[in-house]
Amino acid sequence: MKNLLSLAGLSSLDRALSFALIALALAVAPAAALAQPMLRTAPDWTRSLVTVEITFNAHDAFQPWNNPTVSTRKHGLVVAPGEVLTTAQYLPTHTLVRLQKGGRGRWYDARVKWWDAQTNLALLTTEAPEFWAGLKPAELMTTVPAGPEFNLVRWREGNLESRRADFSRFIVSEGALGFAPQMIMEVSTDIGGRLGWAEIVERDGRVAGLTTYGTSRLCGAMPASFIQRVLTAYRAGGFAGLGYFDFTWQPGSNPVLVTDLGLSGAPRGAVVNKPGKAKDEAGLQAGDILLEIGGFAIDSEGDYLDPDYGHLQLENLATRAHFSGEKLPMKILRADKEMTLDYVIPEAKFEKESVPREVFYAPPAYVVAGGLIFQPLSQAFLRGWGDDWRKNAPFRLQYYQYAEPPDGRKSLVVLSGVLPDDINLGYQDALMLVVDKVNGQTIASLTDLTAALAAPKDGVHRFEFMKGRGLQRLILDAATLDAATKRVVKHYGIPAATRL
Amino acid sequence: MQNSKGVHAGRDSLGRRFVRVVRGALAALAMALLLGGIGSAALRAEAFVAERAVVQILTSSQVPVYDAPWRFQPVQRSSGTGFVIDGGRILTNAHVIAWAKQILVRRYQDPRLLPARVVFAGHDCDLALLELIEPKELADVKPLEFGELPEVRSTVVTAGYPAGGDQMSFTRGVVSRIEVQPYAHPGNRALLAVQTDAAINPGNSGGPVIQDDKVVGVAFQGIPGLQNAGFFIPPEVIRHFLDDIKDGRYDGFPMAGVNFYDLQNPAYRRLLGLPDDGRGARVDALRAGGPAERVLKPDDVLLEANGYVVGSDGLVLYKGNRVAAAVVFQQLQAGQVLRLKVWRDGGPLEVNLPLEAYDGDRLNGRQYDEPPRYFIHGGLVFTSLSANYLDSASDGGRGGVRDELAQLGYELHHLPVESPDAARTEPVVLSSVLPHPVNADFGVRGQAFVNRINGVRITCLEDVKRALLEHKGERHRFEFWGPTYGPLEALDRAAAIAANADILRTYGIVSAERL
Chain A
271 MKNLLSLAGL SSLDRALSFA LIALALAVAP AAALAQPMLR TAPDWTRSLV
321 TVEITFNAHD AFQPWNNPTV STRKHGLVVA PGEVLTTAQY LPTHTLVRLQ
371 KGGRGRWYDA RVKWWDAQTN LALLTTEAPE FWAGLKPAEL MTTVPAGPEF
421 NLVRWREGNL ESRRADFSRF IVSEGALGFA PQMIMEVSTD IGGRLGWAEI
471 VERDGRVAGL TTYGTSRLCG AMPASFIQRV LTAYRAGGFA GLGYFDFTWQ
521 PGSNPVLVTD LGLSGAPRGA VVNKPGKAKD EAGLQAGDIL LEIGGFAIDS
571 EGDYLDPDYG HLQLENLATR AHFSGEKLPM KILRADKEMT LDYVIPEAKF
621 EKESVPREVF YAPPAYVVAG GLIFQPLSQA FLRGWGDDWR KNAPFRLQYY
671 QYAEPPDGRK SLVVLSGVLP DDINLGYQDA LMLVVDKVNG QTIASLTDLT
721 AALAAPKDGV HRFEFMKGRG LQRLILDAAT LDAATKRVVK HYGIPAATRL
Chain H
10 MQNSKGVHAG RDSLGRRFVR VVRGALAALA MALLLGGIGS AALRAEAFVA
60 ERAVVQILTS SQVPVYDAPW RFQPVQRSSG TGFVIDGGRI LTNAHVIAWA
110 KQILVRRYQD PRLLPARVVF AGHDCDLALL ELIEPKELAD VKPLEFGELP
160 EVRSTVVTAG YPAGGDQMSF TRGVVSRIEV QPYAHPGNRA LLAVQTDAAI
210 NPGNSGGPVI QDDKVVGVAF QGIPGLQNAG FFIPPEVIRH FLDDIKDGRY
260 DGFPMAGVNF YDLQNPAYRR LLGLPDDGRG ARVDALRAGG PAERVLKPDD
310 VLLEANGYVV GSDGLVLYKG NRVAAAVVFQ QLQAGQVLRL KVWRDGGPLE
360 VNLPLEAYDG DRLNGRQYDE PPRYFIHGGL VFTSLSANYL DSASDGGRGG
410 VRDELAQLGY ELHHLPVESP DAARTEPVVL SSVLPHPVNA DFGVRGQAFV
460 NRINGVRITC LEDVKRALLE HKGERHRFEF WGPTYGPLEA LDRAAAIAAN
510 ADILRTYGIV SAERL
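Following this line, the structure appears as C-alpha cells:
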C-alpha cells in the first residue's frame with residue numbers, strides 16, 4: 271500500500287502543483303492579514319529543512335523475485351550536527367538515499383543511520399562536509415500545545431513555502447507505517463498539494479511535528495514531544511522499540527454490563543473482551559474492567575485524561591511514557607474485586623503477526639518448486655490486488671487477518687501461482703491456496719517448506735492445502751523436481767529459485 | 010461474499026468466476042417490466058403452431074427485508090412467459106413467480122387476466138408449475154410436448170413476451186453449446202444448460218424453446234456483456250422436475266457431496282497406478298455427512314458413472330457433448346442409486362452411491378418464498394445468517410471485506426466446509442437493535458454474529474428464544490463474534506420484558522417472532 275501510494279503521489283504531483291499555484295494566487299489578499307505574526311519570528315527554515323530523495327524497492331506480490339524501484343522525495347530536518355531526521359516511510363527497502371539543501375542544487379549521497387517502522391522515524395547522514403555547511407539543528411518542542419495556530423513549512427519547486435495550519439485535535443491511532451499506537455496531531459491547512467511527506471509543523475521557530483499523512487486540507491503530524499523521547503532513548507542506546515496492548519477492549523458504557531461484571535456506582539473503566547498473549551496470572555482476562563493504567567483513571571469511553579493533551583484513548587498509554595518490555599501497572603476489577611497487575615508491554619513487531627502487515631524487514635521471500643510459487647501470506651502480498659485489494663483479493667486469504675489458524679501455527683504459506691511446465695501439468699488453476707502440509711510435515715514458513723521438500727515419499731512430493739472450498743491436494747514428481755525447477759527458473763527469467 | 014461451489018464436479022476457479030457474472034443476469038431477467046396496455050390483436054399470416062399454448066405471466070411480488078425481517082420491500086411488478094403442458098398446467102421459471110403475492114396469466118390474443126397459483130416451485134432448477142384458479146379456462150388449449158436435448162448447431166425458436174413490446178415475440182437461433190452451468194436463481198447450483206444465439210431478453214423467462222414443434226427447453230438466463238448468448242433449461246432437467254413432483258412433493262436435485270478434480274498430472278496418475286489414458290477424475294474432497302463420504306475416499310478415481318466414461322478432465326461424453334460428470338448424477342432422483350466404477354488402491358472397484366436430496370446449504374444460496382425467521386426481544390432483532398441477509402447488509406455483498414461482515418461471510422460460506430463440527434445448524438446474527446431506553450446503552454448495534462447468550466452456545470434461533478426466556482438471573486449476558494472471544498453486552502431481564510410491547514408498537518411490528 272505504502273509503495274503504491276508513492277507511485278500515485280508522483281504521478282499526481284504535477285497536477286497538484288498547478289492546483290496549488292492557483293490557490294496561492296487567490297490567497298494573496300487573506301494572507302496579508304496573517305503576515306504579521308509570521309514575520310515576527312522570521313525563522314530561517316532554509317537552514318534546517320532539507321530535501322530527501324529515496325529510491326526504494328517496491329513489492330511485486332505476484333513476481334516476488336522482481337525488485338522494481340520507485341523514487342520519491344520528502345523532507346528531512348537537521349536535528350543535530352551530522353544528523354537529518356525524517357519519517358521512516360519508504361526507507362525500509364531503500365536502494366539509494368540523497369540529500370539536498372536549499373531546495374535546489376547538488377544532491378549528496380546519504381546513508382541511513384537508523385530507521386524504525388513502529389515509530390516511523392529515521393536518521394540520515396552524509397559524509398560530505400559541504401552539505402553540513404550553513405545548516406543548523408532545529409529546535410523541537412518538548413510539549414506541543416493544543417493550538418490554536420501553527421505553520422506548515424515545506425520546499426516546493428526550490429522555494430520554501432509556509433502557510434498557516436490550524437490545530438484540529440490530538441488523536442491516537444496506529445502509526446503511518448507500524449501498528450504501535452501513537453498520538454497524532456491533526457492540523458488543517460489550505461496549502462494544497464501533496465501532504466504527509468515529512469513537512470514540518472512549527473510555531474515561533476520551534477518544530478511541533480512532522481507530517482506522516484495528509485489529504486489536500488488535513489494532515490496528521492507526529493508530535494515533536496514523541497520524537498524527542500524516542501531520539502533521546504535511541505541516543506542513549508536504550509530504545510527497546512515501541513509496544514502495544516495485545517488485548518482488546520470495549521467501552522464500559524453499558525451500565526447493565528459493568529454491573530453484571532461486578533462494578534458498583536457509575537460506569538467507569540473499559541471492559542477487556544479478548545486477553546492478550548500472556549497466559550500467566552498477571553495476564554488480563556475477558557470480563558476484567560480496566561480501571562487504571564499507569565496511574566491514569568480510565569473512563570467508560572476507554573479514555574484517560576492526559577495532563578498535556580486532554581482526553582485520549584487508553585491505547586496511547588502503551589507508548590506515552592514507556593517502551594516495549596516495560597511493566598505497566600494496571601488496576602482492574604475482576605470477579606467483584608479490585609486488584610493490580612503488572613502488564614508487560616509486548617513489542618510491536620510485524621514478524622510476530624501471523625499475517626504480517628509489512629514484510630519489508632527482508633527482501634520478499636519466495637520458493638519456486640517445479641513451477642509452483644510459494645510465498646508467506648502477508649498483507650503486503652494481499653495488497654498486490656491494488657487499491658481495491660479488500661474487494662478483489664481472495665476473501666479466504668484475507669480472513670486469516672481476522673482469525674488466526676486454529677492449530678496455532680504462527681504464520682502461513684500460500685501457493686500464489688503456477689508457472690506452467692510439464693511437471694505441473696493439470697495444476698494451472700491451483701491458485702491462492704494456503705499450504706497445510708508438504709510430505710506430511712506441517713508448513714508455517716518457507717523454511718518448513720524447503721525442509722519438507724527434502725523428504726519426498728514414494729517418489730512424489732505431496733502438497734496438502736487447508737481444508738476448504740479449494741483444491742485439497744496435489745502431487746509433484748520427486749525425481750524430476752530439481753531439474754524442472756531449474757528449467758522453470760531459466761525459462762521464466764527468475765534470478766533464483768528460492769529467496770528465504 | 011463467495012458463492013458456494015457447483016454441485017458435484019466442475020472446476021472451482023472457473024465456476025466461481027462464472028457464477029458471479031450470471032448472478033447479475035438474474036437481476037436483469039427478473040427486472041420488473043412496465044407493462045403497457047393490451048395492443049390490438051392482429052392475426053399473423055403464418056400462425057405458429059405452438060403459440061396458443063404460450064402465455065404471459067404477470068407477477069406482483071414482495072421480497073422481505075432480510076436485515077429488518079418483519080418488513081417487506083415495496084410490491085414489484087414483473088412479467089415472464091409460461092406455456093401449457095400436459096394436465097392443463099403452466100410451466101415457467103421459478104424466478105418468474107418467486108415471492109409472488111398475485112399471479113395473473115394472459116392467454117394468447119385473449120384480453121382477460123386469469124388468476125393463477127403455484128403448484129410446485131423448484132428453485133434449485135429454476136422451474137415452477139402453475140395452475141389457473143379456474144383450470145377450465147385452459148381446457149381448449151393443446152398442451153405442448155417435450156422433445157429431446159437438441160443437437161449443437163441445430164436451429165431452435167423461442168416464443169415469449171420479452172421487453173420492447175406487448176405482443177408475443179419469436180426469435181430464432183442455433184444451439185451454440187451444451188454444458189453444466191451455474192444457475193443464477195439458486196446461486197449455488199450448477200445444472201445442464203443450453204446456450205443459444207436466439208435472442209433471450211427480460212420477459213422471455215419461462216418461455217418455451219421449440220424445435221420440430223416440440224419443447225426442447227425453457228428460456229431462463231443470460232449473461233450481461235455477452236453478445237447473442239441466451240441460456241435455456243434442457244428437457245432432462247425439466248423431466249427431472251416433473252418426475253420429482255409426481256409423488257406430490259418436490260425433493261430437488263440430489264447432491265452427492267463430492268468434488269472431483271482433473272487428473273491430468275502424469276506423476277499423480279503414476280502414484281495412483283493409472284495409465285496415461287485420459288480416463289478418470291480424482292475425488293478431491295467429500296462433504297462431511299454426505300452420501301458420497303460413505304462410499305468414496307479422497308484420491309479415489311471416478312472411471313465411470315452409470316456407464317458414462319469419465320475423462321481425466323472430469324467430463325463425460327453426454328449425447329455428443331462433453332459436459333461435467335455431474336450431469337450423470339443429476340439424471341437420478343433422490344433415493345435412487347448411482348453405479349460408479351472407481352479406481353482405488355491400484356485396482357478397479359464397483360460401488361453404489363445412493364443419492365439424497367440436500368438442503369444443508371440452503372442458507373448459502375438464495376432463498377425464496379419463505380420469509381426469514383426472526384426473534385425480537387428487548388429491541389434486539391435476531392435473525393438467521395444467510396446469503397440473503399449478507400446481501401442486504403452489504404448492499405449486494407460486493408463491497409469487499411468489511412470488518413464487521415467478514416466474520417459473517419466466513420461463518421456462512423467457509424466454516425461449514427472447513428470445520429463441519431464447529432459449524433452451527435442455523436448461525437444467528439443480531440441484525441439490528443431497535444432503539445429504546447432499555448437497550449440504548451447496548452454497545453453492539455447490529456451485524457454481529459451471536460456466539461453465546463447467558464452461557465448457552467447459540468446454534469439456531471430457538472436457542473436464542475430459550476436462552477432469553479428461560480433465564481432466571483437479573484441480567485442477560487451476550488457474547489458476540491467468537492469462537493472464544495468477542496464483544497460482551499448485557500440487558501436487564503425485567504426491563505426487557507416490560508419494554509417488549511412498547512417496542513413492537515413503536516416500530517409497527519405485528520409479531521415478535523417468526524420461527
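Just so you know, the protein sequences line up as chains A and H, in that order. 271 is the number of the first residue of the first sequence in my numbering; add one for each residue after it. 10 is the number of the first residue of the second sequence in my numbering; add one for each residue after it. For glycine and all other residues, C-beta sits at the position ideal for the given N, C-alpha and C. All of these numbers come straight from a predicted model, not from anything done at the bench.
Any non-hydrogen atom of the ligand NAP closer than 7 Å to residue i Cβ
i: H:Leu470; result: By its list of ligands, the structure shown contains no ligand whatsoever, and the ligand NAP lies outside what it can speak to.
Residue i to residue j span [Cα, whole Å]
i: A:Val542; j: A:Phe515; result: 11 Å
i: A:Ser523; j: A:Thr389; result: 32 Å
i: A:Pro415; j: A:Gly572; result: 23 Å
i: A:Thr321; j: H:Phe489; result: 50 Å
i: A:Ser648; j: A:Phe326; result: 20 Å
i: H:Phe129; j: H:Gln376; result: 15 Å
i: A:Gly511; j: A:Gln520; result: 26 Å
i: H:Phe81; j: H:Val519; result: 13 Å
i: A:Glu427; j: A:Leu575; result: 43 Å
i: H:Tyr317; j: H:Lys306; result: 20 Å
i: H:Thr6; j: A:Gly641; result: Here chain H has residues from 10 to 524 only, and residue 6 of chain H is not among them.
i: H:Val438; j: H:Val325; result: 42 Å
i: H:Arg98; j: H:Ala334; result: 32 Å
i: A:Ala753; j: A:Val759; result: 10 Å
i: A:Ala299; j: A:Leu422; result: Any reading at A:Ala299 is ruled out, since the residue's pLDDT is 36, under 50, leaving its predicted position unreliable.
i: H:Asp260; j: H:Asn102; result: 17 Å
i: H:Asp308; j: A:Arg660; result: 35 Å
i: H:Asn361; j: A:Phe620; result: 53 Å
Close Cβ partners of residue i (< 7 Å) along its chain, the five nearest in sequence each way excluded
i: A:Tyr483; result: Ala446, Gly466, Cys489, Gly490
i: H:Glu365; result: Pro263, Pro300, Ala343
i: A:Lys371; result: Val320, Phe401, Leu405
i: H:Arg382; result: Thr392, Ser393, Leu470, Arg523, Leu524
Sub-8 Å separation of residue i and residue j beta-carbons
i: A:Arg679; j: A:Thr712; result: yes
i: H:His445; j: H:Asn463; result: no
i: A:Val708; j: A:Leu701; result: no
i: A:Phe630; j: A:Pro338; result: no
i: A:Ile615; j: A:Leu560; result: no
i: A:Pro313; j: A:Val349; result: no
i: A:Ser624; j: A:Tyr670; result: yes
i: H:Asp472; j: H:Arg484; result: no
i: H:Gly215; j: H:Val105; result: yes
One or two residues paired with residue i in a DSSP bridge
i: H:Pro191; result: H:Ala199
i: H:Val519; result: Note: H:Val519 sits in no beta bridge, so no partner.
i: H:Pro363; result: H:Val346
i: A:Gly490; result: A:Glu456, A:Tyr483
i: A:Glu432; result: Residue 432 of chain A is actually Ser in this sequence, not Glu. BP columns for A:Ser432 point to A:Val423.
i: H:Thr205; result: H:Val184, H:Gly239
i: A:Trp655; result: DSSP lists no partner for A:Trp655.
i: A:Asp379; result: A:Arg368
Same chain only: Cβ atoms within 6 Å of residue i, ignoring 5 sequence neighbours per side
i: H:Met40; result: Bear in mind that a pLDDT of 33 at H:Met40, under 50, signals an unreliable position, so the model cannot answer this.
i: A:Val528; result: Gly522, Pro537
i: H:Ser440; result: Asp76, Val390, Thr392, Gly455
i: H:Gly282; result: Gly355
Close-in-space but distant-in-sequence residues of the same chain around residue i (CB under 8 Å, 5 per side omitted)
i: H:Asp511; result: His445
Rounded Cβ spacing between residue i and residue j (contact assumed at less than 8 Å)
i: H:Leu537; j: H:Ala396; result: The question about residue 537 of chain H has no answer here: the residues shown for chain H are numbered 10 through 524.
i: A:Gly346; j: A:Ala468; result: 7 Å
i: A:Met600; j: A:Glu562; result: 7 Å
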